[in-house]
Amino acid sequence: MSKNYYITTPIYYPSAKPHMGHAYSSIIADFFARIKKIQGFDVFFLTGTDEHGLKIQRAAEKNGLSPKDFCDKISITFKNLSKILNLSNNDFIRTTEKRHFKSVQYLWNILEKNNEIYLSKYSGWYSVSDEAFYNDDEIETIEGEKKSKLSGSKVEWVEEESYFFKLSKWQKPLLDFYEENPNFILPKSRKNEVVSFVKSGLKDLSVSRKSFSWGIKVPSNNEHVIYVWLDALTNYLSALNYPDTNNKLYNNFWPASLHLIGKDILRFHSIYWPAFLLAANIPLPKRIYGHGWILSGEEKMSKSKGNILDPIEIIEKYGLDPLRYYLIKEVSFGNDGNISQDKLESCINSDLANNFGNLCQRVISFNEKNLNLIIPKEIKFNDSDLKILNNFKNNYDELLKFIDDQDINSYINYIVDRLFASNKYFNDEEPWKKKNDMIRMNTIMYVSLELIRKICILLYPVIPESCMKVLKIFNIKESEINFESINDNNFLECGKKISKINILFKKIENHD
Ligand code: MSP
Numbered sequence: 099m100s101k102n103y104y105i106t107t108p109i110y111y112p113s114a115k116p117h118m119g120h121a122y123s124s125i126i127a128d129f130f131a132r133i134k135k136i137q138g139f140d141v142f143f144l145t146g147t148d149e150h151g152l153k154i155q156r157a158a159e160k161n162g163l164s165p166k167d168f169c170d171k172i173s174i175t176f177k178n179l180s181k182i183l184n185l186s187n188n189d190f191i192r193t194t195e196k197r198h199f200k201s202v203q204y205l206w207n208i209l210e211k212n213n214e215i216y217l218s219k220y221s222g223w224y225s226v227s228d229e230a231f232y233n234d235d236e237i238e239t240i241e242g243e244k245k246s247k248l249s250g251s252k253v254e255w256v257e258e259e260s261y262f263f264k265l266s267k268w269q270k271p272l273l274d275f276y277e278e279n280p281n282f283i284l285p286k287s288r289k290n291e292v293v294s295f296v297k298s299g300l301k302d303l304s305v306s307r308k309s310f311s312w313g314i315k316v317p318s319n320n321e322h323v324i325y326v327w328l329d330a331l332t333n334y335l336s337a338l339n340y341p342d343t344n345n346k347l348y349n350n351f352w353p354a355s356l357h358l359i360g361k362d363i364l365r366f367h368s369i370y371w372p373a374f375l376l377a378a379n380i381p382l383p384k385r386i387y388g389h390g391w392i393l394s395g396e397e398k399m400s401k402s403k404g405n406i407l408d409p410i411e412i413i414e415k416y417g418l419d420p421l422r423y424y425l426i427k428e429v430s431f432g433n434d435g436n437i438s439q440d441k442l443e444s445c446i447n448s449d450l451a452n453n454f455g456n457l458c459q460r461v462i463s464f465n466e467k468n469l470n471l472i473i474p475k476e477i478k479f480n481d482s483d484l485k486i487l488n489n490f491k492n493n494y495d496e497l498l499k500f501i502d503d504q505d506i507n508s509y510i511n512y513i514v515d516r517l518f519a520s521n522k523y524f525n526d527e528e529p530w531k532k533k534n535d536m537i538r539m540n541t542i543m544y545v546s547l548e549l550i551r552k553i554c555i556l557l558y559p560v561i562p563e564s565c566m567k568v569l570k571i572f573n574i575k576e577s578e579i580n581f582e583s584i585n586d587n588n589f590l591e592c593g594k595k596i597s598k599i600n601i602l603f604k605k606i607e608n609h610d
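Under our numbering, the first residue of the sequence shown carries the number 99, and numbering increases by one thereafter.
Listed below in structure tokens is the structure:
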């Protein structure tokens with residue numbers, strides 16, 4: 099099996115500053131990038147900004163800036179957010195970069211050469227906010243305004259000369275592909291929606307616009323710019339130096355292992371993108387996962403609705419790892435999740451301060467007081483020690499399956515369960531009563547330290563910064579973290595010194 103893993107986030111529209119929905123997509127992608135890395139995979143993790151199209155052109159006009167100046171200004175806020183979120187991305191692509199133009203125009207030329215594109219006239223509905231064309235039956239009139247039934251966004255009537263991609267001819271091959279690759283689109287419920295949409299018939303897709311200029315030009319006709327979704331989706335290839343298919347990045351990382359996206363952009367990724375690739379004879383990505391929306395008060399968070407929880411403000415107030423943990427643990431992955439500061443505070447107190455933080459603090463303070471911050475030497479495991487230590491090994495295959503199925507909630511619930519079990523172990527074994535039986539005290543300490551180490555490795559992809567603080571006391575460096583080592587019960591070297599630990603998570607006072 100190939101030990102390369104290519105994961106992508108959607109590239110974000112720099113039409114306004116980033117919000118929690120964007121942070122969510124990025125944090126989840128980072129979780130997968132980090133977990134694969136510690137499993138020994140060579141990981142390429144890509145994120146970036148999607149800078150062309152009418153949506154951006156209009157946002158720039160509204161702000162009195164040229165589209166490029168506007169994009170430069172907002173794109174940097176997304177780039178900064180990836181640092182604030184502690185993303186381990188290898189690249190940040192902007193669709194206004196030269197390397198991207200080159201890929202998109204190359205792909206266009208192939209599609210044209212393969213007779214997949216023809217010139218005609220488009221007349222129909224278009225949503226600038228979604229940058230999407232909609233059929234008549236996907237439109238409804240609300241208070242005199244035409245809107246998309248799917249997204250609720252306003253649509254406008256468009257009539258202009260346009261190039262079309264022969265999407266209709268890919269209906270059957272797409273359905274065959276979905277059938278042969280049952281896990282190509284996840285979660286299953288979303289896959290079923292896509293399959294029925296494709297079964298209901300695909301119309302050829304308008305892939306160029308003539309009435310505005312902010313985009314990549316059709317190479318053979320300068321009056322047209324390439325449809326922003328054909329442009330944007332190609333970012334996944336341009337970051338690998340496509341069309342240079344002999345280069346190392348493309349060779350190692352295409353096809354992508356996982357395109358992680360929100361459910362609202364599933365149609366583009368699971369229908370248009372594979373159809374473009376099939377038409378250009380390029381291998382298809384292995385998986386598209388459409389996560390749910392982060393809701394605030396039952397609604398999708400969005401600028402137009404004014405219900406944005408600002409990730410940067412939340413991080414300033416509570417810290418990054420609490421936010422990462424909360425979003426990963428409390429949102430049922432694949433479904434929509436309603437978030438609130440109140441629930442975030444409960445989560446910090448119950449899981450991070452009382453469970454994880456408490457385990458680390460009490461074990462290491464006990465060691466400091468009684469064993470001089472030394473990993474004990476004389477130890478002898480009994481059955482209960484082996485039972486709790488071996489639990490990781492016994493569940494190893496299942497953990498790997500959770501990861502490969504993107505079953506994040508089962509993965510993290512396993513960790514929470516182990517945290518409870520480890521705290522209980524320390525309580526029940528009462529090392530403070532073993533002053534006359536040093537071997538037993540040493541053993542309880544050794545087991546507890548091993549439990550902390552194993553749990554930190556499992557939690558590292560979720561809260562990397564906090565786990566590193568703990569792993570560093572054992573002198574384990576970030577580059578040395580090895581997922582498989584959770585199976586080892588004697589990893590920690592007896593007699594070695596460990597360091598003290600500072601408080602990991604402060605409890606939020608006055609919160610029930
Ligand atoms: N530019 C396109 C993506 C092109 S990918 C080739 C786009 N950009 S976006 O900025 O509007 O959205 C980017 C991602 O953020 C999408 O996956 C979208 O689902 C996600 N989110 C935006 N708001 C969201 C929530 N409130 N909740 C969760 N994610 C949502 O679409």
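The beta carbon of each residue, even a glycine, is placed where N, CA and C say it ideally should be.
Query: Straight-line Cα distance separating Asn212 from Asn507; Result: 44 Å
Query: Cutoff 6 Å; reference Asp189; Cβ partners in own chain excluding five residues on either side; Result: Leu144 and Ala337
Query: N-terminal and C-terminal residue of the alpha helix (DSSP H) that Trp268 is part of; Result: Where Trp268 is concerned, there is no enclosing alpha helix (DSSP H), given that its DSSP letter is neither H nor E.
Query: Among Glu411, Ile446 and Ile363, nearest to His609 - alpha-carbon criterion; Result: Ile446
Query: Contact belief for Arg192 with Gly222 at Cβ below 8 Å, rounded distance in angstroms; Result: About 30 Å separates the two Cβ atoms, so there is no contact after all.
Query: Cβ shell of Ile537 (< 6 Å), same chain only, five flanking positions each side left out; Result: Glu476 and Lys478
Query: Closest Cα partner of Pro381 within the set Phe282, Asn319 and Glu428; Result: Phe282
Query: Through-space distance from Ile172 to Asp235, alpha-carbon basis; Result: 35 Å
Query: Residue range of the alpha helix (DSSP H) that includes Gly360; Result: No alpha helix (DSSP H) contains Gly360, which is instead part of the beta strand (DSSP E) from Leu356 to Gly360.
Query: Short Cβ contact (8 Å threshold) for Lys598 with Glu466; Result: yes
Query: CA nearest to the CA of Phe431, picked from Lys115, Tyr110 and Tyr122; Result: Tyr122
Query: Contact under 8 Å by Cβ, Glu229 with Trp327; Result: yes
Query: 8 Å contact criterion, which Ile386 and Ser368 should meet: CB distance rounded; Result: 5 Å
Query: Contacting residues, own chain, Cβ-Cβ under 7 Å from Ser438 (five flanking each side not counted); Result: none
Query: Residue closest to Gly455, alpha-carbon to alpha-carbon, out of His117, Ile240, Leu517 and Leu356; Result: Leu517
Query: Proximity test, Asn333 beta-carbon vs the ligand MSP heavy atom, cut-off 7 Å; Result: yes
Query: Beta carbon of Leu457 nearer than 8 Å to that of Asn540; Result: no
Query: Buried or exposed by the 16-neighbour rule on C-beta atoms within 10 Å, applied to Thr343; Result: exposed
Query: Between the CA atoms of Lys604 and Ile486 - distance to the nearest angstrom; Result: 28 Å
Query: Buried versus exposed, by CB contacts within 10 Å (16 or more), Gly593; Result: exposed
Query: Contact test: Gly360 Cβ vs the ligand MSP heavy atom, cutoff 7 Å; Result: yes
Query: Residue closest to Lys384, alpha-carbon to alpha-carbon, out of Tyr544, Asn345 and Pro280; Result: Pro280
Query: Spatially closest choice to His644 from Ile182, Arg197, Ser318 and Lys441, by CA coordinates; Result: Absent from the model: residue 644. The displayed extent of the chain is 99 to 610, so no value can be given.
Query: Check: His198 C-beta below 7 Å from any heavy atom of the ligand MSP; Result: no
Query: Cβ-heavy atom distance, Tyr387 to the ligand MSP, below 7 Å; Result: no
Query: Nearest to Leu185 (by Cα), restricted to the options Ile240, Ile208 and His120; Result: His120
Query: Within 8 Å, strictly: CB atoms of Arg307 and Val293; Result: no
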